[in-house]
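Okay, so the sequence shown: first residue is 84 according to the working numbering, each after it adds one.
No residue lacks a Cβ here, since even glycine has one placed at the ideal position from N, Cα and C.
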Amino acid sequence: MNVTITRVLPFLLIVLGIYLWIGYSITELTGGERKTSAAVDVSPEGGEAIYWGRGRCFTCHSVGGQGSAVRGPNHGQFGEKFPLPMGARAVERAKERSEKEGTEFTAVDYMVESLASPGAYVVNGYKNEMAVVYAPPISLSLKEIKAVVAYLMSLGGELDMAAIDTAPSEQTQAFYSKIAAAAEAGGGDPSAGAIVYEDNCSECHMLSEEGGEVGPVLDGISAKGLKFIAEAILQPAKSLTKGFETYIAINKDGRQTIGLKTRDEGGEIDITKATGDVVTLAKGDIKEIKMDDTKSVMPDDLSEAMTVKDYQDILSFLMLQKPKAAE
Ligand code: HEC
Ligand code: HEC
Numbered sequence: 084m085n086v087t088i089t090r091v092l093p094f095l096l097i098v099l100g101i102y103l104w105i106g107y108s109i110t111e112l113t114g115g116e117r118k119t120s121a122a123v124d125v126s127p128e129g130g131e132a133i134y135w136g137r138g139r140c141f142t143c144h145s146v147g148g149q150g151s152a153v154r155g156p157n158h159g160q161f162g163e164k165f166p167l168p169m170g171a172r173a174v175e176r177a178k179e180r181s182e183k184e185g186t187e188f189t190a191v192d193y194m195v196e197s198l199a200s201p202g203a204y205v206v207n208g209y210k211n212e213m214a215v216v217y218a219p220p221i222s223l224s225l226k227e228i229k230a231v232v233a234y235l236m237s238l239g240g241e242l243d244m245a246a247i248d249t250a251p252s253e254q255t256q257a258f259y260s261k262i263a264a265a266a267e268a269g270g271g272d273p274s275a276g277a278i279v280y281e282d283n284c285s286e287c288h289m290l291s292e293e294g295g296e297v298g299p300v301l302d303g304i305s306a307k308g309l310k311f312i313a314e315a316i317l318q319p320a321k322s323l324t325k326g327f328e329t330y331i332a333i334n335k336d337g338r339q340t341i342g343l344k345t346r347d348e349g350g351e352i353d354i355t356k357a358t359g360d361v362v363t364l365a366k367g368d369i370k371e372i373k374m375d376d377t378k379s380v381m382p383d384d385l386s387e388a389m390t391v392k393d394y395q396d397i398l399s400f401l402m403l404q405k406p407k408a409a410e
């Protein structure tokens, strides 16, 4: 117990410190400006300031003749390649999409999707390198993103502030929830988190039907909340998932087998060890079998192998694992 506390506590303090530091450093970096941007104006003007400022959109995009970046599509009307400014282009793309898929998809849905899931639709002739603008280092808040959407929609499109801000469509709301979840998880980077997950967790957990079967399936885990997930990683034994309790079986010859009881029938018991190996024991050979609720089969020192950034990234990755909508 003491060992866990001395190991986990410093890590928790560091994490807490980093959260505070991130808040502090943002205020520092933007200096006095933070006062105005803290109360970011969800309007085309507010969005324009972010586009050419802390949103860093201008490092890859231009708007007509304004700016010189060409890594991403021009957001204005520009030459033959860009006959329509971004607002009007979104209307056009949404129309094509609705026709193709037979479901209603609005211009705002298209715009918000470009920001929430940049990989979902990659503009012809460009690489899939649009930034995840709600993850570090850009880390725009949901409000700031709404403002940028308002700015881009105002470029030749019909500006419908209700559809952007107060009464978003179901599609747009789903993207907003994703952005809010990533921001809530300390602004970790979910794509980096996917790699940390792959390296540290997938051998035991299934996600989208891939991975190991030792631990519980993690699809939809965000429903349990950030605090629960954070604890499950830092102190797995604190609340063992039902059906995944740890058993210790002691054989008559004194040999111990520790793991999950994954089968109990006839004269046999299967114990699945943390490695995934399954040990079959004959009941006649067992002297004692007991549950140990102070230990999890999930190691409690995983956080030691991770940096604080890894930890934040993995939290934001897991917060994106939303329960599937009921069919
Ligand atoms: C690192 C470079 C980079 C940054 C920074 C960046 N983008 Fe992009 N963006 C791209 C690239 C490349 C594409 C084209 C590929 C794609 O569609 O994913 C793109 C595509 C888009 C599209 C779809 C364009 C179309 O013609 O349909 C929108 C909208 C967009 N970006 C908005 C933004 C906004 C707003 C910001 C700032 C908050 C931003 N981008 C920051 C590189 C970037
Ligand atoms: C050696 C196997 C193993 C590894 C590696 C492992 N876990 Fe687990 N995990 C388990 C087991 C077994 C449980 C169930 C017992 C418990 O609650 O501690 C569990 C429980 C969980 C839960 C609670 C699930 C629920 O629905 O209650 C979460 C969240 C979780 N693990 C996340 C992770 C993450 C994130 C990583 C990687 C950093 C990871 N696990 C690595 C075996 C593992």
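- Query: VAL125: beta carbon under 6 Å from a heavy atom of ligand 1?
  - Reply: no
- Query: What do you reckon, is the C-beta of ALA365 under 6 Å from a heavy atom of ligand 2?
  - Reply: no
- Item | Pair within 7 Å by beta-carbon distance, LEU317 and SER379 | no
- Bridge partner(s) assigned by DSSP for ILE372: ALA332
- Item | Contact set for THR390: own chain, Cβ-Cβ below 8 Å, skip 5 residues either direction | none
- Query: So the alpha helix (DSSP H) ILE352 belongs to, where does it begin and stop?
  - Reply: ILE352 -> not in any alpha helix (DSSP H); beta strand (DSSP E) instead, spanning 351-355.
- Task: Would you identify the three-state DSSP class for PHE400, choosing helix, strand or coil?
- Result: helix
- Message: How far does the alpha helix (DSSP H) with THR340 in it extend, from its first residue to its last?
- Response: Here THR340 belongs to no alpha helix (DSSP H); instead the beta strand (DSSP E) covers 339-348.
- Start and end residues, beta strand (DSSP E) containing THR363: 361-365
- Message: Among GLU184, ASP302, GLU131 and GLN256, whose alpha-carbon lies nearest the alpha-carbon of GLY159?
- Response: GLU131
- Just to check, is the beta-carbon of GLU214 closer than 6 Å to a non-hydrogen atom of ligand 1? Reading off the sequence shown, one finds Ala at residue 214, where the question assumed Glu. True, at least one ligand heavy atom lies under 6 Å from that Cβ.
- Quick one: residues in its chain with C-beta nearer than 6 Å to the C-beta of ILE397, no 5 flanking neighbours on either side, listed in chain order? GLY276, VAL279 and TYR280
- For PHE165, which beta-bridge partners are listed by DSSP? PHE161
- Message: In whole angstroms, give me the CA-to-CA distance for GLU314 and ASP124.
- Response: 36 Å
- Taking Cβ to Cβ, would you say ALA177 is nearer than 7 Å to THR189? yes
- Could you pull out every residue in the same chain whose Cβ sits closer than 6 Å to the Cβ of ILE312, ignoring the five residues on either side in sequence? LEU401
- Message: I need the DSSP call for GLU292, collapsed to helix, strand or coil.
- Response: coil
- Query: What do you reckon, are the CB atoms on THR345 and ASP353 nearer than 7 Å?
  - Reply: yes
- Query: How is the alpha helix (DSSP H) around GLY298 delimited, first residue to last?
  - Reply: That residue, GLY298, is in no alpha helix (DSSP H); it is neither H nor E in DSSP.
- Query: Between TYR282 and VAL215, which are expected to be in contact by the criterion C-beta below 8 Å, what is the C-beta distance as a whole number of angstroms?
  - Reply: Residue identity check: residue 282 is Asp in the sequence provided, not Tyr. Not confirmed; about 20 Å, so no contact.
- Message: Out of GLY162, PHE161 and VAL191, which one is the CA nearest neighbour of GLU175?
- Response: VAL191
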